[in-house]
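Quick notes on the structure that follows.
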Amino acid sequence: MNFPLMPDQASNFARPYDALFFVLTALTILFTVLVGALVLYFAVRYRKGNRVDRSGAVESHLGLEITWTAIPLLLGLVMFWWAAKLYVDTRQPPADAMEIFVIGKQWMWHAQHSNGVRENNELHVPVGVPVRLTMISQDVIHSFFVPQFRIKQDVLPGRYTQQWFVATKPGKFNLFCAEYCGTQHSEMGGYIYALPPQEFQKWLASGGDKKRPNQPTMADLGKALYDRLACANCHGSQDSERGPSLYGLYGSKRRMTDGSVVEATASYIREAIKNPYAKINEGYQNTMPEYRELTEEDLLNLIAYIRTLGTAKAPGPVLGNAGPAQIEGGIR
Amino acid sequence: MSTAAPVLHGESPKAPPSYLQAGHTIKSWLLTGDHKRIAVLYLIAVSVFFFFGSLAASMIRVELVSPRGVMLESDTYNKVFTAHGIIMIFFFLIPAIPAVLGNFLLPIMIGARDLAFPRLNLLSWYLYMAGGLCGVLAIAFGGVDTGWTFYTPYSSMYSNTNVTLTIIGAFIAGFSSIATGINFIVTVHKMRAPGMTWFRLPLMVWSSYATSLIIVLGTPVVAITLLLVVMERVFHIGVFSPELGGDPVLFQHLFWFYSHPAVYIMILPAMGVINEVITCFTRKRIFGYHFIAFSSLAIAGLGFLVWGHHMFVSSQSMYQGMVFSLLSYLVAVPSAIKVFNWTATIYKGSVRFQTPFLYVLGFMGLFVVGGLTGLFLAAMSTDVHLTDTYFVVAHFHYVMVGGTIMGFLAGLHFWWPKFFGRMYPDSWGKLSALLIFAGFNLTFLPQFVLGYLGMPRRYHYYYFAPEFQFWHIASTAGASILAVGFLIPAVYLLWSLKYGEPAGPNPWGAKGLEWTIPSPPPTTNFLETPVVREEPYAYDAEAEEREDQSKEPIRA
Amino acid sequence: MKTEALHAAYQTEEQPLHHQFEEVSQQNESYVVGMWVFLVTEIMFFGGMFLAYVLYRWRYPEAWYEAHTRLDIPLGTTNTVVLLTSSLTMALAVHFAQLRNKRMQLAMLGATIGLACVFLVIKAFEWSAKFHHGLVPGPGFLWDGSVPMPQAQLFYSLYFGMTGLHALHVIIGILVIGVLALLTFLDHPLVKNDFIPTELVGLYWHFVDIVWIFLFPLFYLIPK
């Protein structure tokens, strides 16, 4: 039986994280030993009957009080600052990160790569490439936890959350659900496989573990859904009376009827489909039906398709041309 | 005993019967208004709950010896850890020190005949028992599996266990602590004896007062929150369920708004006990009285502003997290102030290594580790990896078990002669203190490592990562020692009720009003209202040592 | 300070003293402080729901506006007047209790109970109309407005939750005032020659009134 002392360092966050962790550990040991030693030393030295000088004991000393208030406070502020800085890094993915979508449900993880490859309770990622996970839960709250990457993010129902990382070494790492989610909570886990970039590309192109290449991409599936639901009747290539066009929607700033300005993020688009009255674009009526029956997977596919219609920064192609060529790397 | 003359009134020749002798019928106990009897009722009740909570803990530890479990289904395992959490938090840790030691001592320490509202005090015990009964019934009818945190939407829409009944139990128990809190606040404000100014109050009274403030301000919020969960389960009104337009994270905010301060409800009274015991067994005046008193209030105040540090990975905004993290560092400072002041109190004292003092040493060792590891969890970045792992489990056990239970045992051993008028065998007491300290560390130090390795909490199986097993086995081994450590006091304390040496009014030579009256005290505590003429903790180690040395011949 | 002077003015030798207190003024102050602390817990109790209200109103302003138009403003206004008047009669009951005018004290307590019952009856009419229109949260919730159903349902969840909790406090108030009136009528030692019980019940009743003062504009008077 082995007794490991620390988890593998396998992401860009691991080393800076451990540096802070070890400093905090050192401080903990230092103060514990300091207090413990003082207490024991005083207690033994001044034990009853031991003839030592007990004169001049005071019952308060302002200088001492200020000292032992100020030192922990200052140390604490330094630690706070250091930790907050690292935290900010973990919450700000680079713009060119590769995107993978994750759906949590009782009791499994489901991942979708943008080219249509899917996996359950496993996630393959390339080494050295920033990866951004967009995650949502179908039921209760879960939490996506990879100890070797030092990352954890709750996965909520009804709202997308994000996590990013760069895997720094190839290997097989633990994936856990860290938020209690019911009977088989402890079995809602699996493995992250970090592969060298070329190998990862090969794996992705070959259709993943199930070896099903050339699956329809997420955007393809989204387009099929877009056609089946006849979204184009109201949201065509041009703004119509009934609804605004979705071209160039993603990432743009939209003005709402109540005067507020909202950025068209994935969460916004998801809400606009599921629950169109929450926010209404200026100049339009609330006439859109609620598509409440769509699954989280459908919604992710639709959003993937809408992204291929161009972002605010890069005008999209005309309708019908959104083939795989444009999508490759397009789902940023 | 002591040379100073705080004797406000001695034992009169025709002493009235003690509170234990004033009526022997069951009715005289169950309808009593006497705060001391209610404290004993609470002592019995919390001990029973502690026993069942520990039983659940033992099942958890046995189960985790193997990566695939030993005897339970996952379903049952989840119910067991939920039962452990709910029993220990709502029915042991929160009431233990305030309702047992506080109830018994608070009126005596300030020179009052009783709490301001004796009937409300009795009502609070009945509410506690009613809440406990609901909890017991919920377990008997099949248990509940949400964890003590009741996170939505799992608790409100998905779990098909007895969530409603359990929540009603916690809700009722909440009103029991509210009743105690109101009673303490009014008593401290209005019932102090002549001369008992605010800055002559024993520090235990200060910390009970601060605790009561937290109870009064926090508990109603969790009560309404849990009620909303029940309404969502029963009537489908959707305040927390995203399917019904609500927000599950709102539940977490409301829940932790109470439940983080609740940690201070558990630890502040223990800190209060430490002040009383440490001064007595070092024969020293407390160092920095005002700093300790005000740090209790600072903890009570700041404690309400840090709840968000439970939610750094819950999707709350980054800036919100920063504010909570910063405030969490600030709330650590008053605790540090207390620890340093206690250390300084020992300096130049006359230290007696008797059982209560050993528990105080244990408290200081464990609380320092518990407090410092809290800094890992208040720091936003380190919290990301450690939250919801065994690191958190180890941290809060160091604070709650290492802090609250060590404080409770220190207080129980200190005031046991006052409660029941008899002494327990000191050597067994010392042995149990050592066993608990050693067993505790062996149980929970490995869990810090487990948490850092990534073992999530509330996990039944860990076959995905069998390398965790070594640390789990170490932890279970420690838990067995801990169990023995807890059993020994149960035996010798019960034994002492009948066979212990009579203690007399002041077996420790301690200061404070409670030691000026007989043990066990008469029903009205004081035969005549005491008048307080001196500062608290009027010990003089130097003088006592001098006197001792003058008595005995100098050793050759 | 002012209340203390008042208490001193009305306090007499006859007022009963419980064993744990040294003197009557200490006893009176203890009960009043205790009641105020209890009211603080009540504020926190309602506070959780007010927080939920603020959050969702801020999140769904349109739904809040539209859903509130289905509430009956005339009935709500009437209820506000009724409850405010009951606070006046309650204050008078305390006044007469201090003056040892038992007849007027009982009359005022009776009036308070009567007004509280009127409040509940009006409330019952309002609620039954909501039941009738399918505006009760749950599987049977019917919504034909232009804002989405879940948001309107959330409004009504909070409406029923908060006014329901308030109505529960009104019912408890009626019971407590009833018991107080009965004990006063019987010259029970618990209340005889002691105006403090009436004063405590009065404080509680004013609290119930104040909660409604907040609920009324928050639910019935939402600006566009």
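Heads up: the sequence lines are chains A, B and C, in that order. Under the working numbering, the first residue of the first sequence is numbered 4, with each subsequent residue one higher. Under the working numbering, the first residue of the second sequence is numbered 136, with each subsequent residue one higher. Under the working numbering, the first residue of the third sequence is numbered 4, with each subsequent residue one higher. A virtual CB, placed ideally from N, CA and C, is assigned to each residue, including glycine. A quick note: this is a predicted structure, and the numbers were derived from the prediction, not measured.
Residues of the segment 149-170 of chain C with a Cβ closer than 9 Å to any Cβ of chain A, in chain order: 149, 150, 151, 152, 153 and 154. Proximity of residue 93/C to chain B, defined by a Cβ-Cβ separation below 7 Å, is not satisfied.
Per DSSP, the unbroken beta strand (DSSP E) holding residue 146/A starts and ends at 145-149. In its chain, beyond the 5 residues on either side, 127, 128, 129, 130, 173 and 206 have a beta carbon closer than 8 Å to the beta carbon of residue 198/A. Bounds of the alpha helix (DSSP H) holding residue 69/C are 64-71.
Put simply, of 547/B, 603/B, 640/B and 683/B the residue whose alpha carbon is nearest the alpha carbon of residue 625/B is 547/B. At a cut-off of 7 Å between beta carbons, residue 39/A contacts chain B.
Residue 270/A and residue 360/B have their C-alpha atoms some 27 Å from each other. When C-beta distances to chain B are compared with 7 Å, the residues of the segment 17-39 of chain C below that value are 22, 23, 25, 29, 32, 33, 36 and 37, in chain order. Cβ neighbours of residue 627/B within its own chain (closer than 6 Å, five residues either side excluded): 559, 560 and 563.
Taking the Cα of residue 247/B as reference, the smallest distance to any Cα among 205/B, 639/B, 340/B and 276/B is reached at 340/B. In the displayed model, residue 371/B falls within coil according to three-state DSSP, outside both helix and strand. Close CB contacts of residue 331/B within its chain, under the 6 Å cut and outside five residues either way in sequence, are with 245, 246 and 667 (chain order). For residue 643/B, the secondary structure class from DSSP, reduced to helix, strand or coil, is coil. Between the segment 178-186 of chain A and the segment 216-227 of chain A there are fewer than three C-beta pairs closer than 8 Å, too few to call the two in contact. Counting along the chain, residue 84/C sits inside the alpha helix (DSSP H) bounded by residues 76-101. Look at residue 368/B: its C-beta is not under 7 Å from any C-beta on chain A.
At least one CB of chain C lies nearer than 7 Å to the CB of residue 352/B. Within the model, the alpha-carbon separation for residue 73/C versus residue 85/C is close to 22 Å. Shown here, residue 167/A sits in a strand according to DSSP, grouped into three states. DSSP lists 193/A as the bridge partner or partners of residue 178/A.
At the C-beta level, residue 598/B and residue 202/B come within 7 Å of one another. For residue 64/C, the chain A residues whose C-beta falls within less than 9 Å of its own C-beta are 261, listed in chain order. Any Cβ of chain C closer than 7 Å to the Cβ of residue 380/B would place that residue at the interface, and such an atom is present.
Looking at the DSSP output, residue 256/A bridges to 266/A. Rounded to the nearest whole angstrom, the CA to CA distance from residue 410/B to residue 477/B is 8 Å. The alpha-carbon of residue 110/C is positioned some 8 Å away from that of residue 96/C. DSSP links residue 104/A through a beta bridge to 115/A and 137/A. Within a 10 Å sphere around the beta-carbon of residue 81/A sit fewer than 16 other beta-carbons, which makes this residue exposed. The DSSP-derived three-state label of residue 99/A is coil. Using a C-beta cut-off of 8 Å, the segment 303-314 of chain B makes no contact with the segment 199-216 of chain B, since fewer than three inter-stretch Cβ pairs fall below that distance. Taking residue 53/A as the centre and dropping the five residues before and after it, the same chain places no C-beta closer than 7 Å to its C-beta.
Secondary structure at residue 157/A: strand, using DSSP grouped into helix, strand and coil. When CB distances to chain A are screened at a threshold of 7 Å, the residues of the segment 562-588 of chain B falling below it are 584, 587 and 588, in chain order. Taking one beta carbon from each stretch, the segment 436-445 of chain B and the segment 461-470 of chain B have 3 or more pairs nearer than 8 Å; the two touch. Collapsing the DSSP output to three states places residue 346/B in a helix.
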